[in-house]
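Enquirer: Handing you a structure now.
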Amino acid sequence: MSPILIAMVGWFVSPIIHSLLPKILAGIGFDASKKLQTLPCFTVSNEQGYEIRQLRDLNKLQGRLRIKGLQNVKSKEEALEANLAAKERLTELSFEWDDDTRCSSEVEAEVLEGLCPPAGLQKLDIFGYRGSRYPD
1 MSPILIAMVG WFVSPIIHSL LPKILAGIGF DASKKLQTLP CFTVSNEQGY
51 EIRQLRDLNK LQGRLRIKGL QNVKSKEEAL EANLAAKERL TELSFEWDDD
101 TRCSSEVEAE VLEGLCPPAG LQKLDIFGYR GSRYPD
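Counting from 1, position 82 in the sequence shown corresponds to residue 82 in full-length UniProt numbering; the numbering is continuous, with no gaps.
Structure follows, in C-alpha cells:
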C-alpha cells in the first residue's frame, strides 16, 4: 500500500497531505474519491487541481470544512460548482478570503451567494469578506 493511501485510512485527509490532494484523488480514482468523508481544509488556488470545482462530487464530506483562498474564485457560477448544498453531512463551514485580496466587493458578494451552504449547517464562519451585501 502506498504511503499516500495509508494516510487516508478511514477516508480522512490530514492537513499535511492537503497539498497532494489532486494527485491523491487522481490516484485513487474518481469513484473512490466520491467516498471521501473528512477534508478539514481546502485551499482554492489558480493552480490546476485546486479549483473550487474539485469539491463538486465530494458529497459524503461530514463534520467541518474550511475553504480558504476564496479570492481565487472569480464568479457566482464558479462558486456554484462546489455544490456545497449537496454536502448535507457537514455541520460546520468556514469561508476565508485572504486579507490581501484585490477582487471587488461585488465579486466577493456574488461568490458568497454562489457558495450555498447545506440547509442543516450548525455553524458558518466567514473571514476576510469585504462584500457589499449578504445573500438572502
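Cβ atoms here follow ideal geometry from the backbone N, Cα and C, with glycine treated the same way.
Beta carbon of Cys103, beta carbon of Arg66: below 7 Å?
Expert: Against a cut-off of 7 Å, the Cβ pair of Arg66 and Cys103 comes out as no contact.
Enquirer: Helix, strand or coil: how does DSSP classify Leu124 here?
Expert: The answer is strand: DSSP assigns Leu124 an E or B state.
Enquirer: Run the CB neighbour count on Asn46, radius 10 Å, all protein chains shown included, and call it buried at 16 or more, exposed below.
Expert: Flag for Asn46 reads exposed.
Enquirer: Sorted by chain position, which residues of the same chain lie with C-beta nearer than 8 Å to Arg53's C-beta, five sequence neighbours on each side aside?
Expert: If we look at Arg53 and ignore the five residues flanking it on each side, its Cβ neighbours are Glu78, Glu81 and Ala82.
Enquirer: Quick one: Cα of residue 142 to Cα of Arg133, how far?
Expert: In the structure displayed, the chain extends from 1 to 136; residue 142 sits before or after that span and is not available.
Enquirer: Between which two residues does the beta strand (DSSP E) containing Gly63 stretch?
Expert: Its beta strand (DSSP E) spans residues Gln62 to Lys68.
Enquirer: Looking at C-alpha atoms only, which residue of Ala119, Glu110, Leu84 and Lys123 is the closest neighbour of Asn72?
Expert: Closest option to Asn72, Cα to Cα, is Glu110.
Enquirer: When DSSP labels each residue in this structure, what does Leu55 get in the three-state scheme?
Expert: Correct three-state label for Leu55: helix.
Enquirer: So, at 7 Å on beta carbons, what are the nonlocal neighbours of Arg56 in its own chain, with the 5 sequence-adjacent residues on each side left out?
Expert: If we look at Arg56 and ignore the five residues flanking it on each side, its Cβ neighbours are Glu81, Ala82 and Asn83.
Enquirer: In the DSSP assignment, the beta strand (DSSP E) including Ser94 goes from what residue to what residue?
Expert: Arg89 to Glu96 is the span of the beta strand (DSSP E), which, as asked, contains Ser94.
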